[in-house]
Amino acid sequence: QYHPSWTPGGADYPNATATLCQGWSGGVAFAKAINNAGMTPTATVASADVIRGLSQFKGETLGGVAPPLTFSDGTKPNPQVLCTFLYKWNNQKVEAVKTTDQIYTCKPA
Numbered sequence: 466q467y468h469p470s471w472t473p474g475g476a477d478y479p480n481a482t483a484t485l486c487q488g489w490s491g492g493v494a495f496a497k498a499i500n501n502a503g504m505t506p507t508a509t510v511a512s513a514d515v516i517r518g519l520s521q522f523k524g525e526t527l528g529g530v531a532p533p534l535t536f537s538d539g540t541k542p543n544p545q546v547l548c549t550f551l552y553k554w555n556n557q558k559v560e561a562v563k564t565t566d567q568i569y570t571c572k573p574a
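Residue numbers (my numbering): 466 to 574.
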């Protein structure tokens, strides 16, 4: 929403690196967790609120910026993510290698 040039189709998208993508998707996940927990903009958020919001992720891809994510309610370990993002250099730019309609590949669970 705020930096469309870094999203698919944007001018800066080919320059996105794995670290940038991980940081971006982490921020998107945090925002989604806070929204899932029903927090208001002025609320003080506690770790229990974040865990409650993350526990509602069941195969959540955050609009395509992450592989399918599922989190527990904090009482047991989270399931392992068995996915890999592939990137390649193309004319001095990093670009995601798409597999079918996504930019990640997952091993069967």
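Glycine included, every Cβ here is placed at the ideal spot set by N, Cα and C.
In the DSSP assignment, G524 falls outside any alpha helix (DSSP H) and lies within the beta strand (DSSP E) extending over K523 to E525. If you look at L547, you'll find it isn't in any alpha helix (DSSP H); DSSP assigns it neither H nor E. Look at N556 here: in three-state DSSP terms it is coil, with no helix or strand label. Closest in alpha carbon position to L547, among G524, A513, W489 and N556, is G524.
In the DSSP assignment, the residues bridged to T535 are K523.
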